[in-house]
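Below is one structure, written out as structure tokens; comments come after it.
The following block contains the structure:
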């Protein structure tokens, strides 16, 4: 932590007044993809999303498949083009910036993807994978390699992992590698795209604890994309619910996951089964009472 | 030549590949043969006993003798020396062709596959055009225009085979462009050139090496063919030219055909064998472990276990089931270790465990469909009184569909994109139940309505990509129940679905149980799903059942420590995180 923290010391000194200013701010963000066929209209995936993340805050983004939640994360990362609207990071526009400017943003914004099997190159040693973001930001190779051991310590992986290939690790361990990689250059924001969805229950819990602990220690902000309300509830300060490219509800995690206003959020909440047969039966009855009457 | 060079260049990165290479007799022998030929040919000026072009007409066709180990040719030149020197031109020519093909095909393929867009369209068009040209005709024409130099011909040949490299690289790169680790590299700020060098080249390296060996063999063959036709450069002693000369004198001295033919044959065969050995050595890297294709489970030796009276009453009865994957060295990895299970009619049994617990293996053994390499070591599985372990394929086929049916995890990948939903549903009805086309269609519509699909007519005519994931899972369930089975084996049937859709699918399973009295073996990792639909539950850990009982009892008062750990990891009762507060002091 310390070694990487020092690299950042050259920037402007900490300004306590900026603590309340959003770190990331999306305003009326639209993203569309080309439709099928030549003359098909473009498919609107995000329709005017406005959302902000403050320094050190976790904002959960919940929705079902096709709601556009992953697309929002990818738009922030510059992996999909923005049709209209703005994305601002620390006061600077970052939507549709040049490749060079986007590369420089790698210092501040990092990513952890869902699938720990395809987010690590199967042919690269773990050490090379972890050194990658450092080298990309111009850290000399020797210093990059020296920092890798400390990174492995931070995610509680053995140091000899450096010389091994991803396939020698389980899903949970790979996800730790992916998290370590995202932490390598002390970013200020990590976009987490369903980082625990592919993991076993007990592994999921330990990875979540790791994410919380890292946030406590470093003050990094998370944009946490997930389909699972219970995961989002445990990790997020604030939650936004996305349906067909629009935010239908937004609020503090505690209130939103206990007593949601919007019917869609209520439906999501009541559809997720709880691991208690009696309570689950009540929940099911409640869902049937609220929704099955008016839906076929 | 280049095949060996590239193989050794590949070496520092992967010690494992080198070890596998050394362990493969085919690879070692072909590399040795090729190496010997290359060394001999390279040293030709030193080791050849005579000048290849010094003719002694008086001694034409002399048989082998001291100083002339292979005899003399029709012009009285030493055959052995000509063979050595001729190899230099043959091999160097092939090297030129391969180098040109690599230089033209690989960078273009990388750029086209990675960036796509106009360059891709243009390059694809160009290389398709090149592929359409008949190589022999172009070579003949270019010789007429450019004169008989072997080098020019080989450059042109290289350009003609470049499309094979282009297409190989382009398709590999285009497939990996969507990989998350490439996205991640872009987020880290790596430039496109760096991404190509670090991530892309590593992936396409192995196919390129293999293709290089194949193309080299082909270039040697084509070049020899040209010279055999007399279209090479006449004064150079190449293997093809030697064949040509020998052929005109085939009646006087048939042995003269043998030597150049042998040299060409050995070199080409060594290259092809090396290519195939390299494929085995390089391409099994990074393959996911133990996800082999499904194969029929092999029956164990010995008599099939007998069926007890008690097993006859249960719909599914698993007794002391042990499943193992034998290794090459004789040992075996046990993935399921002596488990007992029972499913009665009208009952849903949840089989719960984390990845690697053996729950899916158990489900497949009930269907008699263990993945390749796996086998039932001990125990019995009876479905409706019928023994599955050791049963023949004919018995299993009769049981599947009509007695036991399967609902998979990934609905989309279990529907063939080339067929409509109707094709998927009517096919088994016509074959298993012998229904006519019209009757099968009626029944399929009926089934779709039973799984609560309202516009059944439209869905029946749809292709898989036109329907949603939840709809696809309903279609698969409809297909599974089409022949009215008694037992449904569902392997994580809702894991790939949204929660709202999951709730609907679970309701469907519940109604199948109550209304049809179907027994269900439900494999899942989700304790919420268990609480929702299961009557009883078995908790599996590392191939053993650690706890077994009614769902209510296991979930509310677990006895095994592992079950307690699992329930502790459930997030239902975790308090929500409080609202955000700015940090007191800036830590950075």
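Residue numbers (our numbering), protein chains in the order written: chain A, 8 to 303; chain B, 678 to 1265.
Where a beta carbon is used, it is the ideal one built from N, C-alpha and C, also for glycine.
Identify the contact partners of residue 63 of chain A in chain B, using a Cβ-Cβ distance below 7 Å as the criterion. By 1-based counting over the first chain, the position of residue 63 of chain A is 56. Against chain B, the beta carbon of residue 63 of chain A has neighbours under 7 Å at 1260, listed in chain order.
Residues of the stretch 1001–1034 of chain B in Cβ contact with chain A at a cutoff of 7 Å, in chain order, please. Within the stretch 1001–1034 of chain B, the residues whose Cβ lies closer than 7 Å to some Cβ of chain A are 1031 and 1032, listed in chain order.
Taking the C-alpha atoms as reference points, what is the distance between residue 67 of chain A and residue 258 of chain A? The count along the first chain starts at 1 and reaches residue 67 of chain A at position 60. The count along the first chain starts at 1 and reaches residue 258 of chain A at position 251. When rounded, the distance between both Cα atoms is 10 Å.
Using a Cβ-Cβ cut-off of less than 7 Å, give me the residues of the stretch 827–860 of chain B that come near chain A, in sequence order. Correct list: 856, 857, 858 and 860.
Using CA coordinates, which residue listed in A:298, A:114, A:57 and A:183 is at the minimum distance from residue 270 of chain A? Numbered from its first residue, the first chain carries residue 270 of chain A at position 263. With distances taken between Cα atoms, residue 270 of chain A lies closest to A:298.
So, with DSSP's three-state summary, where would you put residue 254 of chain A? Here residue 254 of chain A is taken as the residue at index 247 of the first chain, counted from 1. Strand.
Work out the CA separation of residue 40 of chain A and residue 87 of chain A for me, nearest whole Å. Stepping through the first chain from its first residue, residue 87 of chain A is reached at position 80. Stepping through the first chain from its first residue, residue 40 of chain A is reached at position 33. One Cα belongs to residue 87 of chain A, the other to residue 40 of chain A, and the distance between them is close to 9 Å.
Label residue 866 of chain B either buried or exposed according to how many other C-beta atoms from any shown protein chain fall within 10 Å of its C-beta, with 16 as the threshold for buried. Along the second chain, read from residue 1 onward, the residue named residue 866 of chain B stands at position 189. Label assigned to residue 866 of chain B: buried.
Indicate whether the contact test is met: 3 or more Cβ pairs, each with one atom in the stretch 243–257 of chain A and one in the stretch 47–59 of chain A, closer than 8 Å. Taking 8 Å as the limit for Cβ pairs, the verdict is that the stretch 47–59 of chain A does touch the stretch 243–257 of chain A.
From B:946, B:1087 and B:846, residue whose alpha carbon lies closest to that of residue 789 of chain B: The residue labelled residue 789 of chain B in the question sits at position 112 within the second chain. Nearest of B:946, B:1087 and B:846 to residue 789 of chain B, Cα basis: B:846.
State the CB to CB distance for the pair residue 32 of chain A and residue 59 of chain A, rounded to an integer number of angstroms; the pair is presumed to be in contact (CB under 8 Å). What you label residue 32 of chain A is simply residue 25 of the first chain in a count that begins at 1. What you label residue 59 of chain A is simply residue 52 of the first chain in a count that begins at 1. Right, the Cβ-Cβ distance comes to about 4 Å (below 8 Å), so this counts as a contact.
Coarse secondary structure for residue 91 of chain A, derived from DSSP in three states: For the purposes of this step, residue 91 of chain A is identified with residue 84 of the first chain, where counting begins at 1. If DSSP states are grouped into helix, strand and coil, residue 91 of chain A belongs with the strands.
Let me know if residue 968 of chain B comes out buried or exposed under the rule of 16 or more other beta-carbons within 10 Å of its beta-carbon. Position 291 of the second chain, counted from the start, is the residue given in the question as residue 968 of chain B. A caution first: residue 968 of chain B carries a pLDDT of 35, below 50, which makes its placement in the model unreliable, though a value can still be read off. Residue 968 of chain B should be labelled exposed.
What would DSSP say about residue 1065 of chain B, mapped onto helix, strand or coil? The residue you call residue 1065 of chain B lines up with position 388 of the second chain. Coil, per DSSP.
Suppose contacts are defined by Cβ-Cβ distances below 8 Å. Is residue 880 of chain B in contact with residue 832 of chain B by that definition? Walking along the second chain from the start, residue 880 of chain B turns up at place 203. Walking along the second chain from the start, residue 832 of chain B turns up at place 155. Result no, Cβ atoms of residue 880 of chain B and residue 832 of chain B do not sit closer than 8 Å.
Is residue 190 of chain A close to chain B? Criterion is C-beta to C-beta, closer than 8 Å. Taking the first chain and counting its residues from 1, the one referred to as residue 190 of chain A is at position 183. No, residue 190 of chain A lies away from the interface with chain B (no Cβ there is under 8 Å from its Cβ).
Limits of the unbroken alpha helix (DSSP H) element including residue 726 of chain B: Locating residue 726 of chain B in the second chain gives position 49, counting from the first residue. It is not in any alpha helix (DSSP H) - residue 726 of chain B carries neither H nor E in the DSSP assignment.
Counting only Cβ-Cβ distances shorter than 7 Å, please list the residues of the stretch 1068–1097 of chain B near chain A, keeping chain order. Of all residues in the stretch 1068–1097 of chain B, none is placed with a Cβ closer than 7 Å to any Cβ belonging to chain A.
According to DSSP, simplified to helix, strand and coil, what is residue 1002 of chain B? Residue 1002 of chain B sits at position 325 when you count from the first residue of the second chain. Here residue 1002 of chain B sits in strand by DSSP.
Distance cutoff 8 Å, beta carbons only. Does residue 1123 of chain B sit that close to anything in chain A? Residue 1123 of chain B sits at position 446 when you count from the first residue of the second chain. Residue contact check for residue 1123 of chain B against chain A: no CB pair falls below 8 Å.
For chain A, find out if any of its Cβ atoms is closer than 8 Å to the Cβ of residue 790 of chain B; answer yes or no. As a first step, residue 790 of chain B is located in the second chain; it is residue number 113 there, counting from the start. The Cβ of residue 790 of chain B sits no closer than 8 Å to any Cβ of chain A.
Would you mind sorting residue 762 of chain B into buried or exposed? The rule is 16 or more other CB atoms within 10 Å of its CB. To locate residue 762 of chain B, count along the second chain from 1; it is residue 85. Burial call: buried.
Out of B:1050, B:919 and B:1034, which has the shortest C-alpha to C-alpha gap to residue 760 of chain B? What you label residue 760 of chain B is simply residue 83 of the second chain in a count that begins at 1. In terms of CA proximity to residue 760 of chain B, B:919 leads the group B:1050, B:919 and B:1034.
Does the CB of residue 154 of chain A have a neighbour CB from chain B at under 8 Å? To locate residue 154 of chain A, count along the first chain from 1; it is residue 147. For residue 154 of chain A, the answer is no, since every Cβ of chain B falls outside 8 Å of its Cβ.
Interface partners of residue 178 of chain A on chain B, CB under 8 Å: Within the first chain, the letter at position 171 stands for residue 178 of chain A. Correct list: 1032.
How is the beta strand (DSSP E) around residue 229 of chain A delimited, first residue to last? Translated into positions along the first chain, residue 229 of chain A becomes position 222. Residue 229 of chain A -> beta strand (DSSP E) spans 228–233.
How should residue 1257 of chain B be labelled, buried or exposed, when 16 other C-beta atoms within 10 angstroms of its C-beta is the threshold for buried? One-based indexing of the second chain puts residue 1257 of chain B at position 580. Buried, by the Cβ-count rule.
List the residues of chain B whose Cβ lies closer than 8 Å to the Cβ of residue 207 of chain A, in chain order. The residue labelled residue 207 of chain A in the question sits at position 200 within the first chain. In chain order: 1031, 1032 and 1202.
Partner residues on chain B for residue 261 of chain A, Cβ-Cβ distance less than 9 Å: Locating residue 261 of chain A in the first chain gives position 254, counting from the first residue. Within 9 Å Cβ-Cβ: 1252, 1253, 1254, 1255 and 1256.
Could you pull out every residue in the same chain whose Cβ sits closer than 8 Å to the Cβ of residue 1072 of chain B, ignoring the five residues on either side in sequence? Within the second chain, the letter at position 395 stands for residue 1072 of chain B. Once the five neighbours on either side are set aside, the close Cβ partners of residue 1072 of chain B are 1063.
Can you find a CB in chain A that lies within less than 8 Å of the CB of residue 1143 of chain B? Translated into positions along the second chain, residue 1143 of chain B becomes position 466. No, residue 1143 of chain B lies away from the interface with chain A (no Cβ there is under 8 Å from its Cβ).
Under 8 Å, with one C-beta from each stretch per pair, do the stretch 115–124 of chain A and the stretch 195–215 of chain A reach the 3-pair mark? Yes, the stretch 115–124 of chain A touches the stretch 195–215 of chain A.
Would the stretch 937–955 of chain B count as touching the stretch 889–897 of chain B if we require 3 or more Cβ pairs under 8 Å? Yes: the two stretches touch, three or more of their Cβ pairs being nearer than 8 Å.
Have a look at B:784, B:863, B:941 and B:852 and flag the residue whose alpha-carbon is nearest the alpha-carbon of residue 840 of chain B. The residue given as residue 840 of chain B occupies position 163 in the second chain. Taking only the C-alpha atoms, the option nearest residue 840 of chain B is B:784.
Using the three-state DSSP reduction, which class does residue 964 of chain B fall into: helix, strand or coil? As a position in the second chain, residue 964 of chain B is number 287, starting the count at 1. At residue 964 of chain B the pLDDT is 39, less than 50, meaning the model places this residue with poor confidence; the figure from the coordinates comes in the next sentence. In this structure, residue 964 of chain B counts as coil in the three-state DSSP scheme.
Alpha carbons only, please: which of B:1251, B:1139 and B:1052 is nearest the one belonging to residue 1009 of chain B? Taking the first residue of the second chain as position 1, residue 1009 of chain B is located at position 332. Of B:1251, B:1139 and B:1052, the residue nearest in Cα terms is B:1052.
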